[in-house]
Amino acid sequence: MPNRWRDPPHPPWLLPKGKARPRGKDEHWPPDDPGAPAVGARISTTGGFPMQELVRDALSGILDPDIGINIVDLGLIDRIDTVDGVLTVTLIMTSPSCPQSRFLAREAEAALRKSLPPTPVRVTVADRPAWTPDRMSRAARDRLGWK
Numbered sequence: 001m002p003n004r005w006r007d008p009p010h011p012p013w014l015l016p017k018g019k020a021r022p023r024g025k026d027e028h029w030p031p032d033d034p035g036a037p038a039v040g041a042r043i044s045t046t047g048g049f050p051m052q053e054l055v056r057d058a059l060s061g062i063l064d065p066d067i068g069i070n071i072v073d074l075g076l077i078d079r080i081d082t083v084d085g086v087l088t089v090t091l092i093m094t095s096p097s098c099p100q101s102r103f104l105a106r107e108a109e110a111a112l113r114k115s116l117p118p119t120p121v122r123v124t125v126a127d128r129p130a131w132t133p134d135r136m137s138r139a140a141r142d143r144l145g146w147k
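Just so it is clear: in the sequence shown, position 67 is 67 by this note's numbering, and no numbers are missing.
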């Protein structure tokens, strides 16, 4: 029986035409390589520490429940800002009508509060810019069978 988190079903619109999700005993899940930073993610620093890396590490454990790939590799992190001591992370969804947007924002906020020092955290979901597949990391594209 497939494990929902380790072997999620992939909606057909996320797979290239004529491609099936690769399966095999040598397939690693989650991927060992977290991939490149999300396109458009802004680097902010606080107190000399690279806040973007801390945020990315904290959010890399949150899986999109429909796809089974973490939100960092999917490129759902649009902006990371620290203004007046408040860490603000802006997410974008793969679809403007994504039913998981509130869930992912709550999960992201909980992960940031747990992983980062006591810092005020705010997670928002933006409508713009529109998400495109080129925001995904190489690991996410490979996982979905995209070139």
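Here a beta-carbon is modelled for each residue, glycine too, at the ideal position from N, C-alpha and C.
Query, Result
"To which residues of the same chain is Asp73 closer than 6 Å at the C-beta, ignoring the five residues directly before and after it?", "Gly35, Ser137, Ala139 and Ala140"
"So, helix, strand or coil for Pro128, using DSSP?", "Before going on, a small fix: residue 128 reads as Arg here, not Pro. Looking at Arg128 - three-state DSSP - the assignment turns out to be coil, as it is neither helix nor strand."
"Considering Val89, what are the terminal residues of the beta strand (DSSP E) in which it resides?", "Val86 to Ile92"
"If you follow the alpha helix (DSSP H) that Val55 is part of, which residue opens it and which one closes it?", "Met51 to Leu59"
"Buried or exposed, going by whether 16 or more other CB atoms sit within 10 Å of the CB of Ala126?", "exposed"
"Here's the rule I'm using: 16 or more other beta-carbon atoms within 10 Å means buried, otherwise exposed. How should Arg102 be labelled?", "exposed"
"Mark Thr94 as exposed unless 16 or more other C-beta atoms lie within 10 angstroms of its C-beta, in which case mark it buried.", "buried"
"Would you grab the beta carbon distance between Ile62 and Asn70 for me? Rounded to a whole angstrom, and I think it's under 8 Å.", "6 Å"
"Return the first residue and the last residue of the alpha helix (DSSP H) that Arg106 is part of.", "Ser101 to Ser115"
"Are the CB atoms of Thr90 and Arg79 nearer to each other than 8 Å?", "yes"
"For the alpha helix (DSSP H) that contains Arg141, what are its first and last residues?", "Arg138 to Leu144"
"Assuming contact is defined by CB atoms lying nearer than 8 Å, are Met51 and Thr88 in contact in what I supplied?", "no"
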